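Numbering of the sequence shown is given in numbering that gives the first Met the number 0, commencing with residue 0 and proceeding in unit increments. All C-beta atoms in this analysis are idealised placements derived from N, C-alpha and C, irrespective of residue type, glycine included. Quick caveat: nothing in here was measured; it's all calculated off a predicted structure. First up is the structure itself, then whatever we jot down about it.
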Amino acid sequence: MTAIDDPATRRAVEGVPGIPRDAEGPVFREPWEGQAFAMALTLHDRGLFSWAEWAQLLGEEIRRAQAAGDPDTGETYYRHWWNTLERVITEKGVTSTDTLLRYRDAWERAASRTPHGKPIELQPGDFEGPLDC
């Protein structure tokens with residue numbers, strides 16, 4: 000697991016209860032979890048939302064997932080974080096749902112051709128046509 004410690008991280012940990020952490024600060028099981036965390040910190044620092052707003056939206060996402068059967072073991076915490084990021088950037092007009100889906104499809108195309116253990120790289124062709132993986 001990876002820990003991050005800086006002033007913005009401390010503010011997030013204080014402002015958003017439930018962040019998985021150890022004595023040194025937030026911890027992440029996978030690199031993408033830390034990247035999602037960093038994206039939220041950056042968007043907050045740029046004034047897109049307050050921590051109170053973020054905590055409310057994240058809480059709504061967690062409750063929605065629990066109602067749909069999420070076992071709430073902590074392993075899905077950053078999936079909720081990611082879903083909240085997508086919600087906030089679409090609701091605030093940073094991007095559209097169509098654009099998110101376009102990038103998700105492109106990522107799937109790129110991932111399907113990438114050997115295990117190699118970096119996934121998007122190419123212009125990944126954004127063309129329906130997903131047929």
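Which of helix, strand or coil DSSP assigns to residue i
i      : result
Val26  : strand
Arg45  : coil
Asp125 : helix
Cα-Cα separation between residue i and residue j, rounded to whole angstroms
i      : j      : result
Ile61  : Val87  : 15 Å
Asp71  : Ile18  : 13 Å
Phe36  : Trp80  : 8 Å
Thr1   : Asp104 : The pLDDT assigned to Thr1 is 46, lower than 50, so where the model puts this residue is not dependable; a value taken from the coordinates is nonetheless given after this. About 29 Å.
Phe126 : Arg101 : 7 Å
Arg45  : Leu57  : 19 Å
His43  : Asn82  : 16 Å
Asp69  : Pro114 : 31 Å
First and last residue of the uninterrupted alpha helix (DSSP H) at residue i
i     : result
Gly92 : It is not in any alpha helix (DSSP H) - Gly92 carries neither H nor E in the DSSP assignment.
Trp51 : For the record, residue 51 in the displayed sequence is Ala; it is not Trp. Start and end: Trp50 to Ala66.
Residue of the options minimising C-alpha distance to residue i
i      : options                       : result
Gly24  : Asp104, Pro6, Trp53 and His43 : Pro6
Glu85  : Ala67, His115 and Leu47       : Leu47
Gly124 : Glu107, Gly33 and Gln65       : Glu107
Any non-hydrogen atom of the ligand PLP within 7 Å of residue i CB
i      : result
Arg101 : With respect to the ligand PLP, the structure offers nothing, as it holds no ligand at all.
Three or more C-beta pairs under 8 Å: does that hold for the segment 66 to 82 against the segment 93 to 103?
no
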